[in-house]
Every structure is written in structure tokens, then in C-alpha cells.
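These protein sequence lines are chains A and B, in that order.
For the first sequence, my numbering assigns the number 1 to the initial residue and increments by one for each residue that follows.
For the second sequence, my numbering assigns the number 1 to the initial residue and increments by one for each residue that follows.
Ideal placement from N, C-alpha and C gives every residue a C-beta, glycine not left out.
Step one of this worksheet: look at the structure below.
2 protein chains.
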Amino acid sequence: MILSALLVSVGINFGLCVIYICLFSILRKLPVHADVYAPRIVAETKNDSTLERLLPSSSWVRMAWLPTEDELLMRSGLDGFVFMRIYIFSLKVFTFAAVVGLCILLPINYMGNQIYIDFFDFTNASLESFSISNVNDGSKRLWIHFGAVYAFTAFVCYLLYVEFGYIASKRLAFYSSSKPKPNEFTVLVRGVPKSSTESLSETVEKFFSECYPTLYLSHYMIYNTSKIWKLLDDAEKIYRKLVSLKSTKQSSQRYGRVGCLGLFGPKVDLVEYYEKELEVLEDEAKKQQSLLNGKASYLLSHIHILSSTLPHSYVTRELRAAFVSFKSRIGAAITLNIQQGQNPTEWLTDPAPEDRDIYWAFFSTSFLTRWIGNVVVVLACTALTILFFIPVIIVQGLTNLYTLEILFPFLKGILNINVVSQVITGYLPSLILKTFLKIAPPVMKFLSSIQSYVSHSQIERSACIKVLWFIIWNVFFANALSGSILYRINVFLNPKQIPSILAAAVPGQASFFISYVVTSGWTNTASELLRLTPLIFSYIKRIFATESDEEFEVPSLSYAREIPNILLFGLLGITYFFQSPLILPFLLVYFCMGYLVYRHQLLYVYSPKFETGGQFWPIVHHCTIFSLILMQLIAIGIFGLKQLSLASTLTIPLPIITLLFNGYCQKRFSPLFKGYPVELMTKKDKRDENDPTISEFREKLITAYQDPALKPIKFSSTTDNINAPLLAFET
Amino acid sequence: MILSALLVSVGINFGLCVIYICLFSILRKLPVHADVYAPRIVAETKNDSTLERLLPSSSWVRMAWLPTEDELLMRSGLDGFVFMRIYIFSLKVFTFAAVVGLCILLPINYMGNQIYIDFFDFTNASLESFSISNVNDGSKRLWIHFGAVYAFTAFVCYLLYVEFGYIASKRLAFYSSSKPKPNEFTVLVRGVPKSSTESLSETVEKFFSECYPTLYLSHYMIYNTSKIWKLLDDAEKIYRKLVSLKSTKQSSQRYGRVGCLGLFGPKVDLVEYYEKELEVLEDEAKKQQSLLNGKASYLLSHIHILSSTLPHSYVTRELRAAFVSFKSRIGAAITLNIQQGQNPTEWLTDPAPEDRDIYWAFFSTSFLTRWIGNVVVVLACTALTILFFIPVIIVQGLTNLYTLEILFPFLKGILNINVVSQVITGYLPSLILKTFLKIAPPVMKFLSSIQSYVSHSQIERSACIKVLWFIIWNVFFANALSGSILYRINVFLNPKQIPSILAAAVPGQASFFISYVVTSGWTNTASELLRLTPLIFSYIKRIFATESDEEFEVPSLSYAREIPNILLFGLLGITYFFQSPLILPFLLVYFCMGYLVYRHQLLYVYSPKFETGGQFWPIVHHCTIFSLILMQLIAIGIFGLKQLSLASTLTIPLPIITLLFNGYCQKRFSPLFKGYPVELMTKKDKRDENDPTISEFREKLITAYQDPALKPIKFSSTTDNINAPLLAFET
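Structure, rendered in C-alpha cells:
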């Protein structure tokens, strides 16, 4: 790619960014858009009139910049805080990289004359003249690159260590300062063994009160409530119809036929008809609820009954899972960390998610089905990641004008126009790739959700890892190692060849990735600020919806979508740092913009839906280590290709040292991200003992993990008040 | 190798075995050899006169065969029981293999005509005519081999599953039936953080009594007692001299010079002199002991003193490690399984070994040094394993007569003699290899001992794994992939090529391995029965030693030496099962002999020195899985080479299924081998509560982990009684 094509791409995207940001600056001041640009403030104040005052007229940049880290931590939780630390960490890394790259490596690269360039025609100069490819073979100047690789690795490792420690300390501080939460005292137990003489609930009660006589508090069985959900869904549909019927003024619409497709049967008063039907459904749902709820409270009150006296419909709906609560945090920790039963596939424990975070599905599966499910999902995910090559190959084709001309000869005329060819080679390819890549996060989230995870946060975390590998493979490797899918897999089946193949392929793609940073990175970040899709939806809703009949919901940040993108840019920066330092300023702009934009979004737009306590950081750490090793492998290959085999050999210890460093970090910090130390737990437990509200908290704890389907319903009583939320549970 | 050479080797070794067994049958009946052939009985009865009666005149085979499994379990512990299960498991596997191999595969192989054989000259027939190499390329008969591979894998996996479950259940039963042991209540804590205001002992006391107020019992600090050990060693030497002086009748020897080398200085009464010196040393040792013991009991009695008032010599010898005991098993389990402190490199816990099993070294090292030490040992071990090639290459050279003739042309005459050449090709190579391999277990044990292990059992287990890989690489791969070391490593850097390279190389070595089974397997087992080395030592001792001045010690079985050997034969059997079924009868003989011999040895010769609770079984399981996968890879390669690519492709899922099966087994059984379930622990704890002896046990528990160097000494009081044991501790 020539420099001018890149400049076109930069120009287009810069323009787009400016337009997006200007639009945002104008639109956000209109109170009518408050639900798009400051939904958190809308939700928090619940008062529209104060809004204008709350949206300050000074620049949004100041609003995003001014709040301290502690305020951010308070408003967006530790996960949001960690998310912003990724930007800070990347900014530190790439500031160092840019100083070294632009001041030292870039001039050295440009001084070489391996690639022919016309010094006077700067605009048409190939970007490769700024890359390591331009340094003469065997040149002693490559030792400077060698030194840079070592220095950069040392610097990044130092930062990784400091950052891991900092986030671990924040996690512990966050834990010890937080108030008692139900999930700290509760574990999810799965694989409760079936017994012929007892109900599952009795088995759980007996097991835990025997093993933990002083610590066990209560348990809450999980039931198969799909039948109740079905009833509630039906009821909700009818309720909606009823609401819209009642809100219409024309009485003619109140009468209609209720037979097949609304075409047959006698005409009836629909309001009356639906009200009756709603009542029937509600009664049935309540009957079902009382069956399960009744038994649950029955057993909670420690009255033991024989299994044979239990109704069959109850027994079949009891699942082999329960939430078990303890009187102290240490009790929950013991059940979590030590094997419970004699059969390791029974009495399996998992940390209970926060009550708002539970994913009420897949509780029913047994150990074996869940294990098989996991295997299947891993296989499906691998297949999907590898076979996603079709759109990528199309994109590859589009970056090459000649391929296009051969495929579509009639386009030759158009393609020869300078602007068109520059748009096609500079902008279009990454746009198409970007569009295709949008599908990945939802698909991966779906795959994660059919694994055995029981909380949205775990699904998000697992999907984040899946998307990360997907994106690294399909953006980085697919573009770097262009060619057939088999060829690419073959590279990795030939471990000895990896460095040289990467070294031959990767530097040539620098310009593509610069263009990718600009199109995907810059524009995405700016459009995140503008929130185009929610803005359009908000207009549509305002036009078509008569009343605000749905509860106003503050959106949450999708970590599975955002983190892999940032990490991919980090990977690009780290791998290209010494080969093509020209990518670094573009990356710095991206990270600066991202820092401001996401800080703004986390403070004013997104509200956290769960709290993992910073468990996303280890993903960032591992990905950075992977990027470093990839960079080092490429360095080994490039020094070899450039006929400086001594430097190549001397780089070989570097990946080994990096891996050892990673091993040490694992030992040093990872345990802190899996649980909490006894020291802190006992401290918190002791503090609780002196807390007068703890007995009240324990009472709440007993019902904290009740299935939403089993909570009391009250459709019929709310039909008169149309504006009430639809699925109205008593709180 | 031709059949006759193999027959010579079999003949020689069969002869050796017969001689060994006959010698054993004769020698064992002589009461004078009782300490070699029945040391356990000698130690147990402590009465020589009854020995003749105790050594029955009926065959030793009956003695080994008759005791039930429960008796074996009682006498040799779960480790000995698991050791014998390896033989039983192997016998089951290879009986099936032999039936399939000899009845179905061998005739098919022999019917092929890929290799030319003279049907009438059977003795000179090449062994390869019985192997898969003889089956015609592309023959449909290979589908029978394909079926055999699948059936064998299914059978072995089924057996593995059953056996893993059986041993896990035995482990749990053993645990729940055993009496309270100190190590069940104790954990070893390392990385106690240093404090400026408290001694380490105070820090430990404070931490555990705060975190576990109801469970914590006591702790025992570990001190650097090297100074005391030095004093005790010196005292022991003088004590020995004194004993020998006192036992001599000639009074002239009682006087001598005590200056430099005993040449200068005035003549003194040596007995008097040594007695005085012994007293001085003993006093010094007692002073040192009281310093540490005093402080220890001081702190044990909960009197807190300021660190500044502690003598400096005490503080410097306090190590950052302690044995912490709890009132219940669950307390110890909590400390073991949940992270204690906020820094994961501090308050590290390990299961306490049995008190007889402690390895009193390397307690002092910090987390970082231990981590680095581990890395260094792993690297050293890998290097040793890979670079052991020199003796193996010599052995390789010797199996080839031509190489020998070229190297030593003057030997040509001798080498051409039929018997000599057959001895050299059939017997000598494996004998040399065997001798070299004897070095491996002690070296690996040394490497394991400088890792951070704190018990002999852990060292043995870790050395067992190291020796296993060493032996598989240096016997199996080195012989199968003969050639330079670099070539061999290259094979594994080329994953796609592994099956075809193995397929080309492995079948050709069948005769070498048959000969290896015969020389190494048969003869070693028979010589294990004869116990040649201890027999010779016992003779030497009887000739030179005047009195039985050393305590009679019952030997223990070295698992690190024996288990890898058995597993290697298992690997040979599994990999050669479908290629060269001729190896199977030889292996069956080996396993039958081993079963009888080691049953006898475990019952009458070896006594267990520690009890890991069957933790050696997972090694056997993993090695069998590895063997299966190796066999499947070779099958993939051979079917490919034999131009039956469909069979080759259809075999590819097999290793994947095997790995999945292994993954399931890991989930299903492995947790049981890492600890014990809460269910059992609480049961045992409850049983203890009703036990009247438990308070007595708890008192003992407090001092159970006292360093032997800190136990009271009484040399001087025992000098009059010469026959007393040397390092006489008060019990």
C-alpha cells in the first residue's frame, strides 16, 4: 500500500470521527436525548425537569476527565475500573514504544536502502520504507532493534507486574470495604445425589447440617419452573393486549372474535374476555407456585416428611441443584474449596453469583452432560474460529486491486480512477471485515451460555476469551498469513518454522493494520460516543410507541465485545513496535480517544449489571504475554531473515524468560483472583458479628436466591394502573 | 535379529532365572540368611530361635500366593497394595492382548509375504515374519488389525476406569478405617511473614488463633538445627571410638596421643579423654537445644514476650516455617485448601507428612528461591534425560555386528564365531543399557530432593515420574528412533510427521525389545528374589564386624526404581501389541513372575517407610493413557505406510477419544487422590469426639513434629551399656 492510500483512509475516518463527535456535542445537550446520552443520570434522578441542569454545558471531555479513579470505581464497580486500567496500561506501554520507535527505530529503518524509494515523491512512497524491511541485510544497525526488543519486553513485563499487583490490591480493598452480600455467604451446589427415601431438599439439608453443624444456615432448592414461566409469559401477552385495549378511546375495537385467528366465533367484549383469561392463567400460575414454594418453606421449617408423601409433580420438578447459605463467609469458602462428597461428580460447588446476575438456565444438567456440553462447545468454538475464513478471504481479495479487476473486468474503468482505487484499497477492506466481525460476540456469548455457566458475568467472561481468540486468529493471523486455511493451520503444525514464516509474512501487512486501526479503532470509538443505534431506536420508539410502556433500562457495557478489540490493538502495537513503528502514533490516538470516550460512557451511560471483582484483568495479562511472545518469535524470524543469526539466536531466551515471568505472576497474583484469603474473610466475619443489622441480613439471605418465577405475581391488580411495569413482582 | 539369536538370549536368561530361584530356595531356608530373606519377620519377632519354625519349608510360591489382598494391605500399606495392583492390571491387559494377538493377529502376519522367508529353515527365520511388516501392502487383512486396535483401546480404557475407581474406593476406605494420625491434623506452613515487632513464632500463634479461634491447637516452629546436628555427629563419632576402646581387652590400646593425626602430644588415657570430650560436646548440644526448646515451650505456654528481648542467636535460627496443628481434620483441610494471607507467596500451606516421613531439609527457602529451584531442577532433569544418549548410542552400536567389525577390525575373527555373535547381538546390548540405567533412579531422587519437597514420600513420587520419562525416552524412543539426538528431537518438533516416522521405525525394533524384556525383565525379577547385593553385604558384615553394632533395619521398596520399569514393560506391550504380538508371551511370563516375587518381597522383606494413600496410581493411569496414544499414533502411521489410508484416517478419532476419556477420569477420580472429602473428615472428627483417648492424642500431637535434633540426648549415660543403639533418644 502506498502512503497516499493510507492518507485517504486516515482522512475519511478522521472526518467521520469529527462528524460523530460534533453531532454528539450538539445532540447531548438536547434534553430529549437524555435517555441515550445520560441514561444513568435519568435513572438516578427519576426527575426529567432537573435534567437540563444536570447536563453541564461545558465540554463532555471535562466531564469525562475530571472524576477521580475512586469516583469511577464507585460508579462503575471494579469491572469498569479494570476496563479503564486497560487503556491506562496501553497508553503507558505505547508511549514508551512510540518514543523508542519513532525517535530511534524509524530513522534507522528509513536510512536503509533495501527497498527502492524515490526520495522526491514522498506522497507515493511505499510505507515499507519506514519498516524494518528497508534495513539492509546483515546491517549492524539491527542490533539497535535487538536492544529495543529486549528493552520493550523488560518494560512491558515490569508494567504487567505492577499493574497485576495494583489491581489485586484494589480487588482485596474493594472486597474488604464492601457490605455483606448474599453471594459471599452462599454456594451453588450441583449434583445432589438422588435418594430413594428422601427428597433432594431433605438430602441437602441433612448433608450440610451434618457436615457443617455450626456454619450451615439454610438452602434453597432450584426447581424446573419452565411451566410457570410459560404461564407468566402468556399472562404477560394478554396483559399487554389488555393495556392497549384499555388505552384506546374507540369502543368499536373493544369487541372482536376470539376464535381461530380472530376470524370465527361470536363477537365478545374483549376486555372482559381477556380479563377472565388473565385471571385463569394467574390462578394456575399461583397454584404451581404454591406447590413449589409451599414445599420449600415446608422443608425450610425443618419438618421432615417422607418422600413418598410428596406429590409426584413436585418431585419431578425438583432439580439436583440448590443454593446453600452459611452463617459465615468461611463456611461458604470451605464448601467451595474442599471436595464435599466421596464421589467427585456429586456435591459439586460453585461460587453463587450475585442474585441480580443469575442465569436461570442449565441448572438441571448432570455432571456428565455438562462435561460433554463443555467439550462440544469447545469444539464448536474452535471450528467456528477456524472456519470463519470466507469473509476474510473476500476482504483479502478486495485489498488487492488486481484480483478485483480479474474477478469483475467490467469494473476496470471505475477501478482505474485514482480516488476509487484508493478508497477500495485503503478503506473498504477493513470496513467489510469489521462488519463481519460484529457477528462474533453474540455468537460466542450464545456458545458460552449453553456451557454450564450460571451467571451472566461468567458467560461474559468466557465469551470474552472466546472472542479474543477468534479475533486474534481471524484478524491478525488470517491477514498476516494470507493464503488457504490449511496453509495457516500447517504453519502451527510446524513449530520450528513459525518464526521464519511469521517474519516473512507479518511486516508486509503493516499498512493494512494501520488502516485497520484507523477504520475500526478510531471510528468505532467515536461512534460509541454518538451511540448511533440507540439514538435511532430512541427516535423510532418516540414515533411509534404511544406510551412509555416499557420500563426504562440503563444499558450495560458488553465486556465480551469491547475488551477483545482493545487487546487486539494492543497485540498489533506490540508485534509491530519494532518492525513498523509508524503504527504507534495511530494507536496512541486510538487509546487516548478510547480513554476519554469510555470514561465518559462508564460514568454517564452504562451502569454495571454485575460485579466480578476485577476478574477480567487476568485475560488482559495473558493476552499481553501472548503478544510479547509473538513479537519475540517474529523478532527471531526477522533477525534470521536479515542474516544476523547471532541476534536471532540471542533472542531465543527471551520468550522462555517471558514465560517464566508469566509463571511467577501466576503464582504470585492469580490465587487472589480466584477467591479471597481467609485473613480477610475472618476480618469481615468478625465485623459482621458486631453489626446489629446482621440478623436482618441473614433473614433476607434465606430468600435471596428465590427463582423470580416463584415470587408473588399481581397482574390483575395492576391492570387498572396502565403505566405500571409489566411483570410486576412484589418487592 | 534372527530367531535363533533371540532364542539364545531367552536361553541364557531363563538359565539365570532358574539358577537365581534355586539359589534362593536353598539359601532362604538357612536361618543365617533370615535378615536378608525375611527381615520383616526378624524385626517383628525379635527372637532368632523361633525363626526356623517361622520359615516354612513349603515352597515360597505358596507363601507369596496364599495371603489375601486384605492381608497384603495390612502388611504393606496402601502403597504396596497399589504396587501389586499394577501387576494385576497388567496381567489382565496382556492376557486379553495375548489372546487377540497370538490367536488372530500372529497368523495373519505370518500368512503375508511382504518379507521373504524360507519356510523350511525355521530357526533362521527372521522375527519380522511374525510382525505387521509382513502383511502385504493394502491388504484387506489390515482391517483386522484396525479392529484389534479399537477393541484393545476400549478394553484398556474400561479396565483403567474400573481400576481407578477401585483404588479410589480403597483409598477412602483405608482413610476412614485408620486411627487418628498426627499428619491428618497438621499442616506445614511456609513463608511466615517477618515482623519487626514479633518473633516468627508469635506471628504464627497470632495469625492462626485469630483466623481459627475454635480450631487452632498449637504450632511447632522449625529451627535451623544444623549446628546441633554437627555437635551430635561429632559426639556420635567419639561415642563409637569409646565403644570400640571399651570393648578391646588389650589395655595398651587404651593409651595414645591425641594431637595432630594422633602423632604428637603427651600419651593419655584415651577412654578418659574421650569421655571428657563427649561430655563437653553433649553439654554444648544440650545448651543449644535448651535455647530453642526453651523458647518453643515458652511460646507454647502463651506467654508473649517482645522480640527485642529474644536472644539474637535464637532469632537467627528461627525459620519461616512451622507445623501448625488443629483440633479437627477439617481445620487442617481449610488451611490447606484456602489461601491464607493477602499475599499468595506468604502463609503457604502443604499437607504435613507423617512424622516418620519428614525430610528435614530445605525448610528455610523462601517462595521465590523454591520456585527458581523448581525451574532449575526441571531444566536439569530435562537436559539429563535428553543428553543420556551416549551410553544408548554405544548400545545401539553393539547390537549391530557390522559397526563393531568396522570399529574393532581385529575382533573380526572372534565375531564370526556363531555363539559369540549371537551373544553379542542377543544379550550384551540390553545388559549394558541396563547397567547404565541403574544410575537414573538415584540421580533423579537427588534432583527431587533439592526441589522443595518436605517428605521422603513426595521425593519418591516425584522421582518416580522423572525416572519414568527418563526411561521411556532413553529406552523406548532412543532405541526406536535410533539416530542422532537432534534427529530424535526434530521428530517431535514436527507433529504431523510423528505417526509416519514412528510407524517406519518402531516395528523394526520388536526383536530388540523382546530381548530387553527377557534380559531386563526376567533376570531383574529373579535377582530381586535372590537379593544378591544384600546377600553379599550380609556376608561381608558377618566377616568384618565384631558385634552387631548397628541397629537392624528392615529395607523398604524403592517405588521410584520399580514402578517406571513395570510401566515401561507395559508401554512396550501396548505399543507392540498389534505390530509384533510375539512380545506378549514374554511379557506375560514377566508379569506373572513379578507378581509372585514382589508379593513375596512385600509380605516378608520390605516394610513400608511411609504411606501416601495410593498416590502412585495416577502415575500408572497417565502412563497407560500415554502408551495407548502412542500405540494409536503408530497405528495411524502404519496403516498409512501400508497403503490403507481409510483405516489410517478412521484411527485419528481414537487418540482424541482416549484423551477425552482421560479428561473424564481426571474429573471423576483425581480429586480423591489430592485430599479427602469433607463428608469423611467430619465422620472421623465425630468419631474422635466420642473417643476417650483423643485428649491424650492431642497432647502427643503438640510435640509430634519436634525436630529429632531437639529431642533429649543421653550419650554419656549409655556408654556403659555398649549394645545400646548409637543415637539414643529418650522415647
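DSSP on B:E354, reduced to helix/strand/coil? Along the second sequence, one-based indexing puts residue 354 of chain B at 354. Coil at B:E354, not helix or strand.
Spatial distance of B:F14 from B:F537 (CA atoms): On the second sequence, position 14 is the one that residue 14 of chain B refers to. On the second sequence, position 537 is the one that residue 537 of chain B refers to. Looking at the two C-alpha atoms, the distance is approximately 26 Å.
For A:A38, does the three-state DSSP call read helix, strand or coil? Sequence index remark: in the first sequence, residue 38 of chain A carries index 38 (1-based). It is coil, neither helix nor strand.
Closer than 7 Å, Cβ to any Cβ of chain B: which residues of the stretch 352–380 of chain A, in chain order? W371, V375
Where do the N-terminal and C-terminal ends of the alpha helix (DSSP H) with A:H622 fall, by residue? Indexing the first sequence from 1 puts residue 622 of chain A at position 622. First-last of the alpha helix (DSSP H) with A:H622: 617–641.
What is the residue span of the alpha helix (DSSP H) that B:H145 lies within? For this step, residue 145 of chain B is matched to residue 145 along the second sequence. Note, B:H145: alpha helix (DSSP H), 142–177.
Assuming B:L529 and B:F24 form a contact by the criterion Cβ under 8 Å, report the distance between their Cβ atoms to the nearest whole angstrom. Here residue 529 of chain B is taken as the residue at index 529 of the second sequence, counted from 1. Here residue 24 of chain B is taken as the residue at index 24 of the second sequence, counted from 1. B:L529 to B:F24, Cβ: 5 Å. Contact.
Does DSSP put B:L16 in a helix, in a strand, or in coil? Position 16 of the second sequence, counting from 1, holds the residue named residue 16 of chain B. Residue state, collapsed to three classes: helix.
For A:L54 and chain B, any beta-carbon pair shorter than 8 Å? Locating residue 54 of chain A in the first sequence gives position 54, where the first residue counts as 1. Caution is warranted here: a pLDDT of 48 is assigned to A:L54, below 50, making its placement in the model unreliable, and no coordinate value can be reported.
Report back the beta-carbon spacing between A:G191 and A:T345 to the nearest angstrom; my notes put them in contact at under 8 Å. By 1-based counting over the first sequence, the position of residue 191 of chain A is 191. By 1-based counting over the first sequence, the position of residue 345 of chain A is 345. Right, their Cβ atoms sit about 6 Å apart.
Could you check what DSSP says for B:I450 in three-state terms: helix, strand or coil? For the purposes of this step, residue 450 of chain B is identified with residue 450 of the second sequence, where counting begins at 1. B:I450: coil per DSSP, three-state reduction.
Whole angstroms is fine: what's the gap from B:G508's alpha carbon to B:N474's? As a working mapping, residue 508 of chain B is identified with position 508 in the second sequence. As a working mapping, residue 474 of chain B is identified with position 474 in the second sequence. Cα to Cα, B:G508 sits roughly 17 Å from B:N474.
Which same chain residues, not among the five before or five after B:V518, have their C-beta less than 7 Å away from its C-beta? To locate residue 518 of chain B, count along the second sequence from 1; it is residue 518. For B:V518, where only same-chain residues beyond five positions count, the Cβ hits under 7 Å are S9, V10, N13, F586.
Mind checking which residues open and close the beta strand (DSSP E) that includes A:T649? What you label residue 649 of chain A is simply residue 649 of the first sequence in a count that begins at 1. Under the DSSP assignment, A:T649 falls outside any beta strand (DSSP E), being part of the alpha helix (DSSP H) whose first and last residues are 645–651.
Cβ separation of A:E460 and A:A560, assumed to be a contact under 8 Å, to the nearest whole Å: On the first sequence, position 460 is the one that residue 460 of chain A refers to. On the first sequence, position 560 is the one that residue 560 of chain A refers to. Yes, A:E460 and A:A560 are in contact; Cβ-Cβ is about 5 Å, under 8 Å.
Which residues in the same chain as B:L650 place their Cβ atom closer than 8 Å to its Cβ, once the five residues preceding and following it in sequence are excluded? As a position in the second sequence, residue 650 of chain B is number 650, starting the count at 1. Non-local beta-carbon contacts of B:L650 in its own chain, meaning distances under 8 Å to residues more than five positions away in sequence, involve F146 in chain order.
B:Y274 by DSSP, collapsed to three states: which one? Translated into positions along the second sequence, residue 274 of chain B becomes position 274. Assignment of B:Y274 by DSSP, reduced to helix, strand and coil, places it in the helix class.
Quick check: A:A503 and A:I638, are their CB atoms within less than 8 Å of each other? What you label residue 503 of chain A is simply residue 503 of the first sequence in a count that begins at 1. What you label residue 638 of chain A is simply residue 638 of the first sequence in a count that begins at 1. Yes. Within cutoff.
Could you have a look at A:T349 and say whether DSSP puts it in helix, strand or coil? Counting from 1 along the first sequence, the entry for residue 349 of chain A is found at position 349. The answer is strand: DSSP assigns A:T349 an E or B state.
Can you give me the C-alpha to C-alpha distance between A:Y20 and A:C464, rounded to a whole angstrom? For the purposes of this step, residue 20 of chain A is taken as the residue at position 20 of the first sequence. For the purposes of this step, residue 464 of chain A is taken as the residue at position 464 of the first sequence. Taking the straight line joining both Cα atoms gives about 27 Å.
Where DSSP assigns a beta bridge to A:M221, which residues make up the other side? Position 221 of the first sequence holds residue 221 of chain A. For A:M221, which the question treats as bridged, DSSP gives the partners A:A322.
Which same chain residues, not among the five before or five after A:L299, have their C-beta less than 7 Å away from its C-beta? Numbered from 1 along the first sequence, position 299 holds the residue referred to as residue 299 of chain A. Bear in mind that the predicted position of A:L299 carries a pLDDT of just 48, short of 50, making it unreliable; the figure below should be weighed with that in mind. Same-chain partners within the cutoff: S201, E202, E205.
Cβ-Cβ distance between B:K684 and B:R329 below 8 Å: Here residue 684 of chain B refers to the residue found at position 684 of the second sequence. Here residue 329 of chain B refers to the residue found at position 329 of the second sequence. The answer is yes: Cβ separation under 8 Å.
Looking at C-alpha atoms only, which residue of A:N224, A:L557, A:A332, A:L630 is the closest neighbour of A:V597? As a working mapping, residue 597 of chain A is identified with position 597 in the first sequence. The shortest Cα separation from A:V597 among A:N224, A:L557, A:A332, A:L630 belongs to A:L557.
Three-way DSSP call (helix, strand, coil) for A:V506 in this model: Translated into positions along the first sequence, residue 506 of chain A becomes position 506. Residue state, collapsed to three classes: coil.
Report buried or exposed for B:Y604, applying the criterion of at least 16 other Cβ atoms within 10 angstroms of its Cβ. Stepping through the second sequence from its first residue, residue 604 of chain B is reached at position 604. Looking at its Cβ environment, which holds 16 or more other Cβ atoms inside 10 Å, B:Y604 is buried.
So, are the CB atoms of B:V750 and B:Y359 less than 8 Å apart? Only positions 1 to 731 of chain B appear in this structure, which leaves residue 750 of chain B out of reach.
Neighbourhood of B:L447 by C-beta, 7 Å cutoff - its chain only, sequence neighbours within 5 removed: As a position in the second sequence, residue 447 of chain B is number 447, starting the count at 1. For B:L447, where only same-chain residues beyond five positions count, the Cβ hits under 7 Å are V377, A380, C381, K466.
Spatial distance of B:K194 from A:V93 (CA atoms): Within the second sequence, residue 194 of chain B is the residue found at index 194, counting from 1. Within the first sequence, residue 93 of chain A is the residue found at index 93, counting from 1. Rounded to whole angstroms, B:K194 to A:V93 spans 35 Å at the Cα level.
Let's see if you can read the secondary structure: which residues bound the beta strand (DSSP E) around A:V554? Translated into the one-based positions of the first sequence, residue 554 of chain A becomes position 554. Where A:V554 is concerned, there is no enclosing beta strand (DSSP E), given that its DSSP letter is neither H nor E.
Answer yes or no: does any C-beta atom of chain B fall closer than 8 Å to that of A:A332? Residue numbering aside, residue 332 of chain A sits at position 332 when the first sequence is read from its first letter. It does not; no Cβ of chain B falls within 8 Å.
B:L468 burial status per 10 Å Cβ neighbour count (16 or more: buried): The count along the second sequence starts at 1 and reaches residue 468 of chain B at position 468. B:L468 is buried by the Cβ-count criterion.
Would you call the CB atoms of A:L680 and A:P182 closer than 8 Å? Counted from its first residue, the first sequence places residue 680 of chain A at position 680. Counted from its first residue, the first sequence places residue 182 of chain A at position 182. No, they are not a contact pair.
By the three-class DSSP mapping on this structure, what secondary structure does A:V192 have? The sequence position of residue 192 of chain A within the first sequence is 192, counting from 1. The answer is coil: DSSP assigns A:V192 none of H, G, I, E or B.
Using the Cα positions of A:I489 and A:P107, report the straight-line distance between them to the nearest angstrom. Taking the first residue of the first sequence as 1, we reach residue 489 of chain A at position 489. Taking the first residue of the first sequence as 1, we reach residue 107 of chain A at position 107. Computed Cα separation, rounded: 36 Å.
By Cβ distance below 6 Å, which residues in the same chain neighbour A:I305 in space, the five residues on each side in sequence not counted? Translated into the one-based positions of the first sequence, residue 305 of chain A becomes position 305. Because the pLDDT at A:I305 is just 44, under 50, the model does not fix this residue reliably, and the value given afterwards should be weighed accordingly. If we look at A:I305 and ignore the five residues flanking it on each side, it has no Cβ neighbours.
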